[in-house]
Structure formats: structure tokens, C-alpha cells
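Engineer: I'd like to ask some things about the structure below.
Protein chains: 2
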Amino acid sequence: MNYKFSEIFRYIKPSEIRSLLKYTSDPELISFGGGMPNPESFPVEEMKEILADIMDNYGKKALQYGTTEGLDVLRDELAKYVLKTEGINAKREEIILTTGSQQALYAIAKIFVNPNDPVITEGPTYVGAISAFNANTANMMAIDIDENGMNVDELEAKIKELSQNGLKPKFIYVIPTFQNPAGTTMSLDRRKRLLEISERYEIPIVEDNPYGQLRYDGEPVQSIKSMDKNGNVIYLGTFSKVMAPGLRLGYVIAPREVIDKINLLKQGLDLASDSLSEYIAYEYLKRGAIYRQIPKTVDLYRKKRDLMIKSLEEYFPEAATWTKPHGGMFLWVSLDERIDTTKMLDRALKAKVAYVSGSAFYPHGEKHNSMRLNFTYSDDDKIVEGIKRLAYVINEEMEVVE
Amino acid sequence: MNYKFSEIFRYIKPSEIRSLLKYTSDPELISFGGGMPNPESFPVEEMKEILADIMDNYGKKALQYGTTEGLDVLRDELAKYVLKTEGINAKREEIILTTGSQQALYAIAKIFVNPNDPVITEGPTYVGAISAFNANTANMMAIDIDENGMNVDELEAKIKELSQNGLKPKFIYVIPTFQNPAGTTMSLDRRKRLLEISERYEIPIVEDNPYGQLRYDGEPVQSIKSMDKNGNVIYLGTFSKVMAPGLRLGYVIAPREVIDKINLLKQGLDLASDSLSEYIAYEYLKRGAIYRQIPKTVDLYRKKRDLMIKSLEEYFPEAATWTKPHGGMFLWVSLDERIDTTKMLDRALKAKVAYVSGSAFYPHGEKHNSMRLNFTYSDDDKIVEGIKRLAYVINEEMEVVE
């Protein structure tokens, strides 16, 4: 049989992160590549109790098909949670559960994007968003970010330029807090200006906030959704970083008409999310376990971030710079301009250390001299040893390019 | 904010089954509408043990991100299971886990279909397939089925007709065993001829087999995949009907190149399926619990099928006919030609009984005088009472149309 696949594979390419996974079975490899939470942050004991109670109290319901939008009582608990943690007011009907945030990203692209429609992202941005938007043949345009988040002047100039060609972006995708991959947080002033631009040009904002609760220092900045008076913001949350990523549960908060479209599409995508995982999330919120778990995770990750930064200061060459995130899971490192981190990856893997090269985070592969480092997953001694190895690799690579 | 959605919503329409769901909270309603397993068939006690063991033995792994293709050990157990139950030989690399069979249907359409490409289905066919194929802008063409399954002569004529216009179907989608909605089973002879046609014209077969293990009488018929020598068949299985549908787990068995494409797409769809559910399925297979559970479910459903058929014989008007399935979950009822079951549904809902009208199962809404009845979900007394109500509704409707 000679299979002929659809043209979508001109847009979808294997991601560097996923191809790194084949190396992860090597116990010698220290990987800063994946975006995995540390298993120490998983509430295993609490889960055991929750699971036993679920099976005793509503086992059959937790094993039956759920509704496409998700469990009513879970959506009610989520409304309380986002009000308390992010100042977001949402009714049950404005919330839909998704099979991870990844499904939310896919669905949002699918409900808005016709072939080749422009979509604005940050540059760099989340690889999973690139993958979801590519699968829906979006024409992505990346706007630079700095330590205060997306450059809103550049954004407005881009919107005007598109407008002169009769085009308008379908949405503006941002990860304003502890950005993936850069680790930066958008300032309150920029958030307000972004919302103004969204209102002025009638372009929805997709605010992705997987890391908001993982703050290690500094003061919280208001979510854009909490300032949204006119339903311009589509807000994405997830249980992956505050409960467990293996339970594939994310959620979208948006005006009812957007939720209805995602619902209609989700019926074709997977009918409904996992019922058992929805019941787990419901109990996890209702019991307040989430508020006991997050501070433990924050303490664990703060130490790891500090250790990685200390190691970078100690071992990395002087030409290298890196972000100092107040939260989240990632550092963004910029190296000497002559270095191409994609090419250098082979050398790194031989030295048994992995990262994701910066170009993976751009829709069209810019910033060849940068890399993303995850600081949450590795054990402390591995963080130090991995940064040492990476410093060695960079120094070797410098000798080649010099 | 004035939202402008993509053109996909010219193809995706709300499904009748999902809109019926809003009535299901009415405790007076007897619904033969949904395709839900009976909660009595769920292995709740076994699940409790399995969950406790999972958390004790590999809790952290079951809460961490899994791989896109799914747990290695689960895929190995699945290979044993499909060999034993369906005579299918499959290597681990030829299997991918999906978030329910629904995701498999969506992914298969997405990897093969360019806009408006022809796809062959049975007529009637599964609504979820119509939804997944519509979401990928397939041009569906339904081939009639009879008590021996798809009319393969009509199929070949359609392929030739398309070929004269330079067109070729991207795949042929069939549910050969205990078809949804018709309840019929494709004969061995037709299966062989279908495979020959697939090979002659180089058109893949998508064999969807959610109900194969739910056989109440008669002899098993070989799966098409078990006869497939040249990798023409893409086989879809699910845990929904033999374990629990709330755990969203299906699987695809196909040549490696097809699995690789689904994998690449799934990274954008939801990254990976639910890890905890994968571990549950693994333990459920490994312990042999599945082989203890299926006979119980078969006994439960056989009685319900017999009871529904007996009630139909007793209460339904003479002009009505229905299929007598050897397994699965559904009966297909044909009424007097003057009746439009879509129109009659309002009257049925007033009489507190629900079904899905036949036209929902055709890509372009044929067969106005038929309906699908689910016999697995309702309690025995509700089956009798519901059929009585429905007979009353049909008789009333006949008086109007006569």
C-alpha cells in the first residue's frame, strides 16, 4: 500500500523537543530540554486519598462519558479558583475543560483561522502553540519581547502594516507571566496597552497562563483577563503545573459564543475530556489541596532556579547572558552571535547534556544563538553538573567558530 | 468584541445526539438516544484495586507527561490482546494510543483529507465519524448497507465513477462488526471483497471495531485487519466498551508510516493521552481483568437486547421493522415511509422517550423514516416502558400523516 498523506504535512514538522525524547532513556544524559514539572511536586499521597474517595462516592460517574464542556461542579470550582488566584470573574458557562492546554491551543486556531490567515505570537513563543497553529495553516508573525514582555509599539506597527494590505490578525497569542521560553513577565503597563490595542483594532487576545501560580519572588501582576471589560480576552489555564501534567486537563475562559464554538469542535476532536481526571481535579480544588501543594512546589522550584543561575554565573563564559525569571520553569540564554545552538546540540548530546535551541521557539526559526533551559525537572546535583558540561560544550564550540 | 469565526463552521453542525443531552437531566425521560454503556458494566471494584496499586507502585510516573504514542508496556499488552481477540499481528511501533476513538477518527481525516476530498462511509454510519470528517472538510459519500454489511458492488461502481472524474476516495470507513447505528455485521465474503477492492484501487480501509468483543450469539467473523497482508487496513479499537468510556482511551493499529503521521499530528492536538488512564488500561489488560469483565457485560447486554426486541414485537406497529443484532449496542428501526423521525422527535420528547433519528447517521441526511435505539444503557423496566411510549408516539404520528 502506497499511502498519500494530506498537504497539512507541508506545515507540520517534527518538533526538536519531541525528537530529544529518544535520548531521555539514557540515564547519563542531563536534560534541560523538556518542560516537565518535577515529580517531587506531584501530590501523590493526596491523590491516593482522592482516588479512593472518588471510587467509593461516585465511581460509576467517574467512569462514564462526561459532557463535552466538562463536569459542572468542576467548572464551578474553577470559577472560584480563578477569581481567588487571578481576579477573573467567570460563570460556569464561560468555562470549558480541554484535554490539556494543548487542545485549547489547537481548538482556538481551528475556530478562528482560515488557510494562511495572520496570527500574532511573541518571539520567541511556546513550541506547542507553533505546532497547533501550523496544524491549522496559520501565517504566524512573531513580535519581539524584552524583559517587560511583548513590544506593543512593534505590535501596533505590524497591525497597521497588515491593515494596509487588507489583512487583520485573527488573534494575538501571549504568555504574559513567566513566559515560555523566555521566563520574562509582561509589565502591567504593557498589559493595559495590549488590551487597548485589542479593543481598538477588534483583535482577540489569547492569554496563556500555565505558570502564573509558580511565583518565586516579586509582586503578582494582574492577568489581562481580569482587566477585560468587553470579552476581548480568551484565557487559557491548566492543571499541568499545579497538580499533574499526566492528567490531561486544561481550560478555556472566554465569552459564551467562543466557548460554544470550542464545544462544537471538541465533539469532533475527542467528545469529552477524561472523566476520572475531571473528578480528581474537582476534589483537588474542593478540598483546597491545590492551595497546600502550590507553596511546596514554589519552594522546590525557587531553590532550583537559584541553583541554576548560580551555576551559570560560575561556569558560563562572559559573553553569555540569561534571563532571571521571577517564576515559571525556564531560563533563556543568549550566547555569542557566532554560535548556532541547533548545530551545537550534537556536541552537547555527546557531552550528555541537552537543551532546546532558540530557533525552535520562532515560527520561522530566528535567534540561532539562544537556548531554553528548564530548571524544574533535574535533581540539584544534576543542575550543577549539567551547567558545567554545557559551559564546556560552549567553550569548545567557541574555539571552532572563532 | 465582535468575534469572527473560521469557515469551518460551514461544515461543523451541532449533533442531534449532543443536543438531546440537555433532556437527560429529566428523570422522567427514558432515553434510547445516547451510545452509553451501562454503568453496571464498569469494573468499579477492580478499578479501586488497580488505582491503589498504581499510586503505590508508580504514582509519579502515572502523573507525569507520557509520550505521544503512549506507554510502551500498554502497547505491548495491546498487541497481545488484539492477537488473542481479533487475530491481529501488530508490533509495538504499529500501535498508537489516542484520546478515545474519536481522536483517532479526527486524526485519520486530518492526515489524509485535503479540502473537499472524497471519503467513503457506510450509510448509515457513526455520527462521531461524520463530525470528525466534516471538521476536516471531507466530501463524504455513503454506500448503502444491508444485513451483510456494505454493498461492495455499489462501492466499486462509486470508485469507478469517481475515477472517471479524476477523483479517488482517501479511505473507506467501515464498522464491520455490530455496526453503529444499524447493528448489522459484514459477512466474511464481503470483508474479503472489500479488502480486494482496497488493494486493486489502492484505497486504505479504516476498520472501526469498538463493539467486536460484545457478541451475544453467533460465530465471530474475522476482522479485516487480520486478513490484511499489505498494510491496507487502519484498525481502530477502544477501551470505552470493554473497560470504561470516561477513561478516554482508544488506539490505532496501522503501518508505521501512518502511525508516525498520527503521532506528529497528535503532538499538536493534545501532546499525549492521559497517563493515569494509560496505566489503568495497562493493569486492566495485564491482570486479565478485561477477560473477566467482558463475559459479564455480554450477559448483561444480551438480556437487554432480547428484552428490547421482545418489547418491539409486542408493542410496535406491524409496518415497523428492525435489525436483530448479534452484538453491540444498537437496533435500527425502520418505520412507515410517511413518517419523518426528526419531526416526530418533539412528540417523543413530550411523551418522555428519546431516540436518535436516522437522518443523523447520514452525511447528507437520508432515511427520514428510521431511528437508532440503544439497548445497553436503560434499566430493564425502562426498556419495556420506553418501547411502549414510543409505540404510542408512532401510532399518534401515523394518524397525522395518514
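Those protein sequences? They're chains R and S, same order as listed. Our numbering applies: residue 216 is where the first sequence begins, and numbers increase by one. Our numbering applies: residue 216 is where the second sequence begins, and numbers increase by one. Cβ atoms here follow ideal geometry from the backbone N, Cα and C, with glycine treated the same way. On a predicted model such as this, the values are computed, not experimentally measured, just so you know.
Report the rounded CA-to-CA distance for S490(R) versus R225(S), giving the unit in angstroms.
Structural biologist: Here the question's residue 490(R) lines up with position 275 in the first sequence. Here the question's residue 225(S) lines up with position 10 in the second sequence. Cα to Cα, the separation comes out at about 30 Å.
Engineer: In angstroms, rounded to a whole number, what distance separates the CA positions of I227(S) and A319(R)?
Structural biologist: Locating residue 227(S) in the second sequence gives position 12, where the first residue counts as 1. Locating residue 319(R) in the first sequence gives position 104, where the first residue counts as 1. Near 18 Å, if we compare the C-alpha coordinates of A319(R) and I227(S).
Engineer: Using a Cβ-Cβ cutoff of 9 Å, what residues of the stretch 251–273 of chain S are near chain R? List them in chain order.
Structural biologist: M251, P252, P254, E255, F257, P258, V259, E260, M262, K263, L266, A267, I269, M270 and D271
Engineer: For P252(S), which residues in the same chain have their Cβ closer than 8 Å to its Cβ, ignoring the five residues on either side in sequence?
Structural biologist: For the purposes of this step, residue 252(S) is taken as the residue at position 37 of the second sequence. The residues are S455, K456, A459, P460, T512, M544, T591 and Y592.
Engineer: Out of S230(S), S572(S) and Y607(S), which has the shortest C-alpha to C-alpha gap to Y530(S)?
Structural biologist: Here residue 530(S) refers to the residue found at position 315 when the second sequence is read from its first residue. Measuring C-alpha to C-alpha distances from Y530(S) to each of S230(S), S572(S) and Y607(S) identifies Y607(S) as the nearest.
Engineer: Of all the residues that make up the stretch 423–443 of chain S, which are near chain R by a beta-carbon distance shorter than 7 Å?
Structural biologist: none
Engineer: Thinking just about the alpha-carbon of each residue, which of L560(R), Q482(R) and E255(R) is nearest to the one in V342(S)?
Structural biologist: Taking the second sequence and counting its residues from 1, the one referred to as residue 342(S) is at position 127. For V342(S), the nearest C-alpha among the options comes from Q482(R).
Engineer: If distances are taken between C-alpha atoms only, which option among N380(R), D241(R) and N424(R) comes closest to L564(R)?
Structural biologist: The count along the first sequence starts at 1 and reaches residue 564(R) at position 349. Among N380(R), D241(R) and N424(R), the Cα nearest to that of L564(R) belongs to D241(R).
Engineer: Cβ closer than 8 Å: which chain R residues qualify as neighbours of E417(S)?
Structural biologist: Translated into the one-based positions of the second sequence, residue 417(S) becomes position 202. Per Cβ cutoff of 8 Å: M216 and N217.
Engineer: Bridge partners for Y450(R) per DSSP, in chain order?
Structural biologist: The residue given as residue 450(R) occupies position 235 in the first sequence. Residue pairing of Y450(R) in beta bridges, as defined by DSSP: E422(R) and I468(R).
Engineer: Since D361(S) is in the beta strand (DSSP E), which residue starts that stretch and which ends it?
Structural biologist: On the second sequence, position 146 is the one that residue 361(S) refers to. In the DSSP assignment, D361(S) falls within the beta strand (DSSP E) that extends over N354 to D361.
Engineer: Thinking C-beta only, is L500(R) closer than 8 Å to E292(R)?
Structural biologist: As a position in the first sequence, residue 292(R) is number 77, starting the count at 1. As a position in the first sequence, residue 500(R) is number 285, starting the count at 1. In this structure, L500(R) lies closer than 8 Å to E292(R) by Cβ.
Engineer: Return the residue from the list G398(R), G285(R) and P425(R) that minimises the CA-CA distance to I477(R).
Structural biologist: Start at 1 with the first residue of the first sequence, and residue 477(R) comes out as number 262. Checked all of G398(R), G285(R) and P425(R); the closest Cα to I477(R) is G285(R).
Engineer: Under a Cβ-count criterion, where at least 16 other Cβ atoms within 10 Å of its own Cβ denotes burial, should S256(S) be classed as buried or exposed?
Structural biologist: Walking along the second sequence from the start, residue 256(S) turns up at place 41. That one is buried.
Engineer: Closest to V467(R) by C-alpha separation, out of K276(R), E309(R), G249(R) and M355(R), would be which residue?
Structural biologist: As a first step, residue 467(R) is located in the first sequence; it is residue number 252 there, counting from the start. Checked all of K276(R), E309(R), G249(R) and M355(R); the closest Cα to V467(R) is E309(R).
Engineer: Between the C-alpha atoms of I602(S) and A487(S), what's the straight-line distance to the nearest angstrom?
Structural biologist: Stepping through the second sequence from its first residue, residue 602(S) is reached at position 387. Stepping through the second sequence from its first residue, residue 487(S) is reached at position 272. Using only the alpha carbons, I get a separation of about 42 Å.
Engineer: Return the residue from the list N272(S), I311(S) and K440(S) that minimises the CA-CA distance to L479(S).
Structural biologist: Translated into positions along the second sequence, residue 479(S) becomes position 264. Measuring from the Cα of L479(S), the nearest candidate turns out to be I311(S).
Engineer: Distance check for F348(R) and D485(R), CA to CA, integer angstroms please.
Structural biologist: The residue given as residue 485(R) occupies position 270 in the first sequence. The residue given as residue 348(R) occupies position 133 in the first sequence. So the two alpha carbons sit approximately 19 Å from each other.
Engineer: To which residues of the same chain is I409(S) closer than 6 Å at the C-beta, ignoring the five residues directly before and after it?
Structural biologist: By one-based count along the second sequence, residue 409(S) stands at place 194. The sequence as given places Leu at residue 409(S); Ile does not occur at that position. Only V367 meet the Cβ criterion.
Engineer: Do you know whose CA, among A267(S), D475(S), Y516(S) and K407(S), lies nearest T283(S)'s CA?
Structural biologist: To locate residue 283(S), count along the second sequence from 1; it is residue 68. Checking every option, the nearest Cα to that of T283(S) belongs to D475(S).
Engineer: Name the residue from A324(S), K525(S) and L377(S) whose alpha carbon lies nearest to the alpha carbon of D595(S).
Structural biologist: As a working mapping, residue 595(S) is identified with position 380 in the second sequence. Of the candidates A324(S), K525(S) and L377(S), the one whose C-alpha sits nearest the C-alpha of D595(S) is K525(S).
Engineer: Give the interface partners of F327(S) over in chain R, defined as CB-CB distance under 7 Å, in chain order.
Structural biologist: Against the second sequence, residue 327(S) aligns to sequence position 112. Per Cβ cutoff of 7 Å: F220 and S221.
Engineer: Residues of chain S with CB closer than 9 Å to the CB of R471(R), please, in chain order.
Structural biologist: Here residue 471(R) corresponds to residue number 256 of the first sequence, with the count starting at 1. What R471(R) touches in chain S: nothing, since even the nearest Cβ is about 11 Å away.
Engineer: Excluding the 5 residues flanking F327(R) on each side, which residues of the same chain have their C-beta closer than 7 Å to its C-beta?
Structural biologist: Reading the first sequence from its first residue, position 112 is the one you call residue 327(R). So the list reads K385 and F386, once near-sequence residues are dropped.
Engineer: For S378(R), count neighbouring Cβ atoms within 10 angstroms of its own Cβ and tell me buried if that reaches 16, exposed if not.
Structural biologist: As a first step, residue 378(R) must be located in the first sequence, where it is residue number 163. Classification for S378(R): exposed.
Engineer: According to DSSP, is Y499(S) part of a helix, a strand, or is it coil?
Structural biologist: Within the second sequence, numbered from 1, the residue matching residue 499(S) stands at position 284. Reduced to three states, the DSSP call for Y499(S) is helix.
Engineer: Give the straight-line distance between the Cα atoms of Q508(R) and I598(R), rounded to the nearest whole angstrom.
Structural biologist: For this step, residue 508(R) is matched to residue 293 along the first sequence. For this step, residue 598(R) is matched to residue 383 along the first sequence. If you take the alpha carbons of Q508(R) and I598(R), they lie about 23 Å apart.
Engineer: Mind listing which residues of the stretch 488–514 of chain R have their C-beta closer than 9 Å to chain S's C-betas, in chain order?
Structural biologist: S488, D489, S490, L491, S492, E493, Y494 and I495
Engineer: I'd like to know whether the C-beta of S476(S) is nearer than 8 Å to at least one C-beta of chain R.
Structural biologist: Locating residue 476(S) in the second sequence gives position 261, counting from the first residue. For clarity, residue 476(S) is Lys in the given sequence; the question names Ser instead. Interface residue, yes.
Engineer: Using only the alpha-carbon positions, how far apart do D423(S) and Y450(S) sit?
Structural biologist: As a position in the second sequence, residue 423(S) is number 208, starting the count at 1. As a position in the second sequence, residue 450(S) is number 235, starting the count at 1. Approximately 6 Å between the Cα atoms of the pair.
Engineer: Within the same chain, show all residues whose beta-carbon is closer than 7 Å to that of K582(S), passing over the 5 residues directly before and after it, in chain order.
Structural biologist: Position 367 of the second sequence holds residue 582(S). P339, G573 and S574, listed in sequence order.
Engineer: If we cut at 8 Å on Cβ distances, does L409(R) have a partner in chain S?
Structural biologist: Reading the first sequence from its first residue, position 194 is the one you call residue 409(R). Not one chain S Cβ lies under 8 Å of L409(R).
Engineer: Starting from R517(S) and walking both ways along the alpha helix (DSSP H), at which residues does that stretch end?
Structural biologist: Walking along the second sequence from the start, residue 517(S) turns up at place 302. A504 to Y530 is the span of the alpha helix (DSSP H), which, as asked, contains R517(S).
Engineer: Shorter than 8 Å from the beta carbon of R307(S) to some beta carbon of chain R?
Structural biologist: One-based indexing of the second sequence puts residue 307(S) at position 92. Not closer than 8 Å to any Cβ of chain R, the Cβ of R307(S) fails to qualify, so no.
Engineer: Anything in chain S within Cβ reach of L479(R), meaning under 7 Å, just list it in chain order.
Structural biologist: To locate residue 479(R), count along the first sequence from 1; it is residue 264. Going along chain S in sequence order, the residues near L479(R) (Cβ under 7 Å) are I227 and P229.
Engineer: Mind pulling the chain S residues with CB within less than 7 Å of S346(R)?
Structural biologist: For the purposes of this step, residue 346(R) is taken as the residue at position 131 of the first sequence. Those are Q482 and G483, listed as they occur along chain S.
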